[in-house]
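Scroll down for the structure; my scribbles are underneath it.
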Amino acid sequence: SQQQKIYNFSAGPCILPQEVLKQAQDEMMNWHGSGVSVMEMSHRSKEFISIAEQAEKDFRELLNVPKNYQVFFFQGGASMQFSAIPYNILGDKTKVNYITTGSWSEQAQKEAKKLAQTVEAWQDHASKFTTVPNPETWNIDKECAYFHYCDNETIHGVEFNDFPFEKVEGMTLVSDMSSNIGTRPIDWEKYGVVYAGAQKNLGPAGVCIVVVREDLIGKQRPDTPILFDWKVFRDAPTKFHNTPACYPIYVTGLNLAHMKSQGLQHYQDLANKRASALYDYIDASEGYYTNPVEPKYRSRTNIPFRVKKDEKLETKFLAEAQKVGLIELKGHRSVGGCRASCYNAMPFEGVEALIEFMKKFREENP
Ligand code: PLP
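Using UniProt numbering, the first residue of the sequence shown is number 4, and each one after it goes up by one.
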């Protein structure tokens with residue numbers, strides 16, 4: 004029998020295009036006639052080095068990364084960078100500036116607090132996590148070593164669609180782009196560090212892509228654990244101090260090559276199209292479905308919503324959605340409700356199918 008079409012709205016990990024999975028499958032046991040799987044290769048072999056170099060090249064081309072930025076494929080996820088960032092770039096400063104717009108930036112700040120005094124940019128937390136305060140009211144301290152923000156809060160669905168770069172001018176800007184990387188161009192000149200766990204928009208779990216402006220490397224504290232130390236990796240042959248996550252880097256590379264062939268504009272248009280369709284339907288549903296985020300800051304990739312603000316109805320919604328192949332729509336345990344995560348590999352048809360289902364569910368459960 005025909006397998007039902009599945010649309011996976013999971014917040015991570017990870018969805019990949021069918022053609023990329025197919026290519027990985029075809030090459031699984033014998034990579035390019037080498038007679039071995041990429042899983043079995045030495046990470047120092049010329050074959051694996053060529054795989055990693057190509058992945059980096061495709062990442063750079065897809066996102067137009069300038070030459071004076073290093074691109075790393077680290078293990079430890081974005082969470083490891085929460086710690087690695089202050090170790091590497093605090094330098095001789097004692098303070099760091101963070102803005103908390105959701106759980107991930109909150110966790111990032113918590114790690115930085117272990118090493119430095121953190122200055123929170125958001126003064127009044129009354130409407131926390133459904134909006135971003137007017138940048139005019141931000142507490143910005145230019146004595147800080149850097150300013151950190153999360154470009155897209157995966158759990159709360161808050162995205163910076165118009166970051167006020169002028170407010171932090173002169174500071175080193177650091178951004179967590181784990182859940183929206185590859186959905187639009189990045190204005191690199193504005194950033195010191197951009198980092199993103201691959202496992203949402205780019206590839207399998209196990210790789211965190213960290214992009215660092217060259218002049219920021221080499222300021223690490225003397226007590227920096229070796230696996231956090233960007234300079235150790237930059238100076239290592241092939242930029243791998245220890246064994247990297249070879250297979251995830253390889254699959255990420257296959258997907259980056261695929262994305263490059265589509266072009267970034269394709270993904271940007273698709274992200275905008277998916278999100279507008281879904282928010283438009285939610286807003287037109289007369290309060291049956293609701294999203295709490297101020298429209299200006301609504302995430303294009305993680306769309307949380309409630310069903311009549313009724314937990315029982317939501318349980319039913321999730322169960323019935325699952326039955327028709329719309330899976331992983333449950334909201335994060337900390338906020339409840341539902342959430343549709345629409346990363347780069349989500350086709351528009353997935354969102355259309357979800358909206359059709361939402362319409363039908365509403366009719367049947369008035
Ligand atoms: N930052 C954001 C925005 C995330 O969504 C996540 C994970 O979902 C993380 C950081 C943590 O990433 P990791 O699990 O790779 O440590």
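Heads up, the beta-carbon is just placed ideally off N, CA and C, and yes, glycines get one too.
- Our two residues, M32 and E43, have alpha carbons roughly 9 Å apart in a direct line.
- Just so you know, the alpha carbons of K312 and Y292 end up roughly 8 Å apart.
- Per the DSSP secondary-structure output, T293 pairs in a beta bridge with R309.
- Leaving aside the five residues that flank V23 on each side, the residues in its chain whose CB is nearer than 6 Å to its CB run, in chain order, L257, N258 and H261.
- Assignment of V23 by DSSP, reduced to helix, strand and coil, places it in the helix class.
- Between G160 and S302, the beta carbon gap of about 4 Å places them in contact (Cβ cut-off 8 Å).
- Per DSSP, the unbroken beta strand (DSSP E) holding Q73 starts and ends at Y72 to F77.
- S108 and E359 have their alpha carbons spaced roughly 34 Å apart.
- If you draw a straight line from the Cα of D29 to the Cα of S40, it is about 10 Å long.
- Here G80 is not near C249, since their CB atoms are 8 Å or more apart.
- In this structure, the CA atom of V177 is about 6 Å from the CA atom of G195.
- Secondary structure note for S40: it is in no beta strand (DSSP E), with a DSSP letter that is neither H nor E.
- Residue environment: G38 is assigned as exposed (fewer than 16 neighbouring CB atoms within 10 Å of its CB, all protein chains considered).
- Check the Cα spacing between I54 and each of T227, N71, P69 and F76: the tightest is with F76.
- A distance criterion of 7 Å places the beta-carbon of A81 in contact range of the ligand PLP, judged by its closest non-hydrogen atom.
- Every unbroken stretch of the beta strand (DSSP E) spanning 3 or more residues and falling wholly within the segment 80-107 is given here in chain order: 98-101.
- Here DSSP, grouped into helix, strand and coil, assigns G256 to helix.
- The beta carbon of F163 sits closer than 6 Å to those of D154, all from its chain and outside the five residues before and after it, given in chain order.
- Here the segment 191-208 makes no contact with the segment 282-296; the two share fewer than three CB pairs at distances below 8 Å.
- S178 is bridged by DSSP to Y152 and V197.
- Within the model, the alpha-carbon separation for F231 versus Q223 is close to 9 Å.
- Distance between Q57 and P225, taken at the CA atoms: about 33 Å.
- The C-beta separation of V213 from Q84 comes to about 6 Å, placing the pair in contact by the 8 Å criterion.
- Taken atom to atom, the span from the alpha-carbon of G328 to that of G353 is near 10 Å.
- The alpha-carbon separation between D286 and F308 amounts to approximately 11 Å.
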